[in-house]
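K.L.:
Position 378, counted from 1, in the sequence shown is what our numbering calls 595; the numbers after and before it change by one each time, with no gaps. From the three backbone atoms N, C-alpha and C, an ideal C-beta is built for every residue, glycine too.
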Amino acid sequence: MTLTPIARVDADVAIVGSGFSGSLAALALLKGGRRVALIERGRHPRFAIGESSTPLANLLIEELADRYDLPRIRPFSKWGTWQRTRPDVACGLKRGFTFFFHRHGAPFEDDAERGRQLMVAASPHDEIADTHWYRPDFDRALAQDAEAAGAVYLDATRLENVRQEGECTTLDGERNGSAVRITTRFVIDASGSRGFLHRALGLPEAERRWLPSTQGLYTHFEGVARWDELQPATDTPPYPIDDAAVHHVFPGGWIRVLRFDNGITSAGAALTDPAAASLAAADGAPAWDRLMATLPSVADQFRSARATLPFIHSPRVSFRSARVAGPTWALLPSAAGVIDPLLSTGFPLTLLGILRLVELLDTTSPGRERDAALAAYERQTLAELDATEQLVAALYATMADPPLFKRLALLYFAAASFSEAARRLGRPDRAPGFLLCGHPAFGPELAACASMARAGADGSARLALEARLDLAIEPFDTAGLLDRGRRGWYPVLASDILASAAKLGATPADVVGLLQRTGFSLPEDQT
Ligand SMILES: Cc1cc2nc3c(=O)[nH]c(=O)nc-3n(C[C@H](O)[C@H](O)[C@H](O)COP(=O)(O)OP(=O)(O)OC[C@H]3O[C@@H](n4cnc5c(N)ncnc54)[C@H](O)[C@@H]3O)c2cc1C
Numbered sequence: 218m219t220l221t222p223i224a225r226v227d228a229d230v231a232i233v234g235s236g237f238s239g240s241l242a243a244l245a246l247l248k249g250g251r252r253v254a255l256i257e258r259g260r261h262p263r264f265a266i267g268e269s270s271t272p273l274a275n276l277l278i279e280e281l282a283d284r285y286d287l288p289r290i291r292p293f294s295k296w297g298t299w300q301r302t303r304p305d306v307a308c309g310l311k312r313g314f315t316f317f318f319h320r321h322g323a324p325f326e327d328d329a330e331r332g333r334q335l336m337v338a339a340s341p342h343d344e345i346a347d348t349h350w351y352r353p354d355f356d357r358a359l360a361q362d363a364e365a366a367g368a369v370y371l372d373a374t375r376l377e378n379v380r381q382e383g384e385c386t387t388l389d390g391e392r393n394g395s396a397v398r399i400t401t402r403f404v405i406d407a408s409g410s411r412g413f414l415h416r417a418l419g420l421p422e423a424e425r426r427w428l429p430s431t432q433g434l435y436t437h438f439e440g441v442a443r444w445d446e447l448q449p450a451t452d453t454p455p456y457p458i459d460d461a462a463v464h465h466v467f468p469g470g471w472i473r474v475l476r477f478d479n480g481i482t483s484a485g486a487a488l489t490d491p492a493a494a495s496l497a498a499a500d501g502a503p504a505w506d507r508l509m510a511t512l513p514s515v516a517d518q519f520r521s522a523r524a525t526l527p528f529i530h531s532p533r534v535s536f537r538s539a540r541v542a543g544p545t546w547a548l549l550p551s552a553a554g555v556i557d558p559l560l561s562t563g564f565p566l567t568l569l570g571i572l573r574l575v576e577l578l579d580t581t582s583p584g585r586e587r588d589a590a591l592a593a594y595e596r597q598t599l600a601e602l603d604a605t606e607q608l609v610a611a612l613y614a615t616m617a618d619p620p621l622f623k624r625l626a627l628l629y630f631a632a633a634s635f636s637e638a639a640r641r642l643g644r645p646d647r648a649p650g651f652l653l654c655g656h657p658a659f660g661p662e663l664a665a666c667a668s669m670a671r672a673g674a675d676g677s678a679r680l681a682l683e684a685r686l687d688l689a690i691e692p693f694d695t696a697g698l699l700d701r702g703r704r705g706w707y708p709v710l711a712s713d714i715l716a717s718a719a720k721l722g723a724t725p726a727d728v729v730g731l732l733q734r735t736g737f738s739l740p741e742d743q744t
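1. Measure the CB-CB distance between alanine 610 and alanine 667 and report whether it falls below 8 Å.
2. Given a cut-off of 8 Å on the beta-carbon distance, is the pair phenylalanine 659 and alanine 689 in contact?
3. Quick check on tryptophan 444: does DSSP put it in helix, strand or coil?
4. Taking valine 255 as the reference, which of Leu548, His349, Asp327, Ala363 has the closest Cα?
5. Given a threshold of 16 other Cβ atoms within 10 Å of its Cβ, counted over all protein chains shown, does glycine 470 qualify as buried or as exposed?
6. Closer than 7 Å to a non-hydrogen atom of ligand 1 - does that hold for the CB of serine 521?
7. Roughly how many whole angstroms lie between the Cα atoms of phenylalanine 564 and leucine 241?
8. Sorted by chain position, which residues of the same chain lie with C-beta nearer than 8 Å to threonine 615's C-beta, five sequence neighbours on each side aside?
9. To the nearest angstrom, report how far apart alanine 522 and aspartate 713 are at their CA atoms.
10. Mind reading off the beta-carbon distance from histidine 415 to serine 538? Whole number of angstroms is fine, and I expect it under 8 Å.
11. If you draw a straight line from the alpha carbon of arginine 312 to that of alanine 450, how long is it in whole angstroms?
12. Less than 8 Å separating the beta-carbons of tyrosine 351 and alanine 307?
13. Helix, strand or coil, according to DSSP, for serine 538 in the structure here?
14. Methionine 637 to aspartate 445, Cα distance in whole Å?
15. I need the DSSP call for leucine 663, collapsed to helix, strand or coil.
16. Let me check understanding here. Comparing Cα to Cα, which of Arg596, Asp327, Ala373 lies closest to glycine 392?
17. Does the stretch 410-429 come close enough to the stretch 538-548 that 3 or more CB-CB pairs lie under 8 Å?
18. Going along the chain, which unbroken runs of the beta strand (DSSP E) with 3 or more residues stay wholly within the stretch 535-610?
19. According to DSSP, what are the bridge partners of histidine 321?
20. Quick check on DSSP: helix, strand or coil for arginine 284?
21. In angstroms, rounded to a whole number, what distance separates the CA positions of arginine 251 and glycine 440?
22. Does the Cβ of aspartate 694 have 16 or more other Cβ atoms within 10 Å, making it buried, or fewer, making it exposed?
23. On the DSSP letters alone, give me the boundaries of the alpha helix (DSSP H) that aspartate 356 sits inside.
24. At a cut of 8 Å, does the stretch 386-403 reach the stretch 221-232 through at least three beta carbon pairs?
25. Helix, strand or coil: how does DSSP classify glutamate 268 here?
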C-alpha cells in the first residue's frame with residue numbers, strides 16, 4: 218500500500234479566499250511578520266462580481282497602504298495613479314453616482330427640475346477619481362503580490378473540514394489530487410457570501426429584517442452605448458454621465474452599468490422577487506431581453522451590446538450570518554453579509570473589517586482580551602450591516618417615488634462624504650461606524666427615517682419625513698446636498714467643504730490643508 222504524502226503548511230493565520238479582501242488582509246498581516254497561508258478554491262484570473270469603488274473605499278485602501286507600508290497597493294486608490302502605475306490592471310473611471318428613474322413601458326423623460334435624475338460627484342476631476350475594479354485583473358494582481366510578499370498561496374484547493382485542537386486549528390483539504398493540511402492559530406474567512414466557515418462551522422443564517430427578498434441577473438458586455446451620446450444633457454453635468462456607476466431605477470428594481478477601460482461593461486439588475494418572477498429571471502439572457510423590453514431607453518443603450526459571459530442568475534442576493542467571530546476565527550464583513558449592490562457598500566464595509574481585524578490580531582494575544590476584541594468586531598460588523606440594510610430597504614420601498622428615493626439617498630451621500638472628510642482630517646472619532654451608524658444623532662435618525670419611508674409615508678407623514686431627513690442631514694452635509702437650487706446635480710466643490718469646517722470640528726486652515734493634500738483646486742481667495 219502506498220500512502221499519499223500530505224502537504225503540510227504551518228501558518229499563524231490562514232485566510233480562506235483570495236478575492237481582493239483575502240489578499241489585502243494577507244499583505245497587511247505579512248508586514249507584521251506573520252506566516253500567512255492564503256487558500257483559494259479556484260484559480261486567477263476569474264470573474265468576480267462587485268466592481269464599483271467609492272471615495273471611502275479608496276481612502277481605506279490608502280490607510281491600509283500607509284499603515285502597513287504597501288506602496289504597490291496605494292496607487293489603486295485613485296484613477297490617475299492607477300493609470301500611471303498599474304496599466305496592466307484594467308479598471309474604469311468612476312466620477313460619481315448617476316441615477317435615472319424610469320417608468321415601465323415609457324422612454325426616459327425628465328422635467329426642468331431634473332426630478333427623475335440624481336448625479337452626485339465623488340471627485341472634482343479624473344486624476345483623483347474613484348474606479349471600477351476589473352476583478353479578474355485586480356484580484357489576480359493582489360494575489361500575486363501576496364504570494365510575492367511571502368504568503369503560502371494554495372490555489373485550486375478544496376477544503377474539506379476545519380478542526381479545533383487546543384489553540385490550533387487544522388484545515389484539511391485536497392489540491393491537485395493530494396491531501397493538504399494547514400495548521401494555524403487563526404482563520405480569517407474571506408470566501409464571500411455563504412462562504413467556507415459559515416458552512417463548515419454550521420453558523421446560523423440571520424433573517425433579513427428590513428430588505429425585501431431580491432434576485433440578481435448580471436454579466437459582462439461589449440458594445441454598450443454611452444447614455445450621454447443617446448441622451449445628451451442640455452446643461453453641463455457635474456461629470457460625464459457615464460464615467461460613473463450608472464443606476465437605472467424602476468419600480469421593483471434597478472440596473473447598474475459600470476464601464477471599464479478595456480471595452481467591457483459590467484451590467485446587471487437587482488430585482489424584488491415579484492419583479493424577478495414576472496421576468497422569469499432564472500432564464501438568464503431571455504429574461505434580460507424581457508427586462509429591456511419594459512425599459513425602452515435602457516434598451517437603446519444595450520441595442521448593440523453583446524454579453525461576453527453567460528448571464529448569472531442569483532436567486533438570493535442578500536445574505537446575513539448571525540455569527541461573525543469566535544476565539545480563533547473571524548469572517549470578513551463580505552463573508553458575514555451582503556446586502557445589495559445599491560450604494561456600493563460592500564467594499565468599504567469589507568475594508569473597514571480588514572483594518573479592524575489586522576489591528577486586533579496585531580495588538581492582542583489569545584485569551585480574554587482578544588475574545589473581547591473579537592466580540593466587539595462582531596457587534597460592529599453586524600451593526601454596520603444593519604444600518605446598510607435599513608437604508609437600502611428604504612430605497613427599495615421608494616423606487617417608484619423618485620423624489621423620496623433621492624432625499625433618502627442623500628443620507629448615504631452625507632454620511633459618506635462627512636466620514637471621508639473626518640478621516641482625512643485625522644478625526645475618525647467624529648464619524649463612528651459605516652453610515653455614521655455609531656453616531657448618537659445620525660445613527661438613530663437614519664434608522665427612524667428609513668423606517669418611516671418603508672412604512673409608506675403619505676400626506677402629512679411624508680412632509681414630516683422630508684423635514685426629518687433635512688434635519689438629520691444638515692449637521693453632516695459637507696457637499697451642498699440640501700441646496701435645492703442644484704436640482705439633483707451635486708458637483709464636488711472646495712467651497713462646500715470649506716464652509717463645513719465647523720461641522721467637521723476643523724479650522725478653515727485645516728480644511729485648506731486637506732484640500733491641498735488631496736488634489737483640489739482651491740477657490741481664489743484661499744490660494
Ligand atoms: C450582484 C452584486 C454586485 C455587487 N456590487 C458591488 C459594488 O459595485 N461595489 C461594492 O462595494 N460591493 C459590491 N458588491 C459586494 C462585493 O461583491 C463584495 O463586497 C466583494 O466581492 C467581496 O470581495 P471578497 O474578496 O471578500 O470576496 P469574493 O469576491 O466573493 O471572493 C471570495 C473568494 O473566495 C474563494 N472561495 C470561496 N469559497 C471558498 C472555499 N471554500 N475555499 C477556498 N476559497 C473559497 C472564491 O473562489 C473567491 O475567489 C456586490 C455584490 C453583489 C452580489
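P.N.:
On the basis of the data shown:
1. Yes. Within cutoff.
2. Yes; because the gap between Cβ atoms is below 8 Å, this pair is in contact.
3. Note: tryptophan 444 maps to helix in three-state DSSP.
4. What sits at residue 255 in the sequence shown is leucine, not valine. Among Leu548, His349, Asp327, Ala363, the Cα nearest to that of leucine 255 is on Ala363.
5. With 16 or more neighbouring CB atoms inside 10 Å of its own CB, glycine 470 falls in the buried class.
6. Proximity of the beta carbon of serine 521 to ligand 1 is not indicated: no heavy atom of the ligand is located closer than 7 Å.
7. Whole-angstrom Cα-Cα distance: 12 Å.
8. Here the set comprises Leu621, Phe622, Leu625, Ala670.
9. Between alanine 522 and aspartate 713, the C-alpha separation is close to 39 Å.
10. For histidine 415 against serine 538, the beta-carbon gap comes to about 5 Å, under 8 Å, which counts as contact.
11. About 16 Å.
12. Result yes, Cβ atoms of tyrosine 351 and alanine 307 sit closer than 8 Å.
13. Here DSSP, grouped into helix, strand and coil, assigns serine 538 to strand.
14. With the sequence shown as reference, residue 637 is identified as glutamate, and methionine is not the correct amino acid for it. Cα-Cα distance, rounded: 29 Å.
15. DSSP places leucine 663 in helix when its eight states are reduced to three.
16. Reading off the sequence shown, one finds arginine at residue 392, where the question assumed glycine. The residue with the shortest Cα to Cα distance from arginine 392 is Ala373.
17. Yes, the stretch 538-548 is in contact with the stretch 410-429.
18. Counting only runs of 3 or more, we get 546-548.
19. None, per the DSSP bridge assignment.
20. Of the three classes helix, strand and coil, the one that applies to arginine 284 here is helix, per DSSP.
21. Near 46 Å, if we compare the C-alpha coordinates of glycine 440 and arginine 251.
22. So aspartate 694 counts as buried.
23. Its alpha helix (DSSP H) spans residues 352-365.
24. Three or more Cβ pairs drawn from the stretch 386-403 and the stretch 221-232 lie within less than 8 Å of each other, which places the two stretches in contact.
25. DSSP places glutamate 268 in coil when its eight states are reduced to three.
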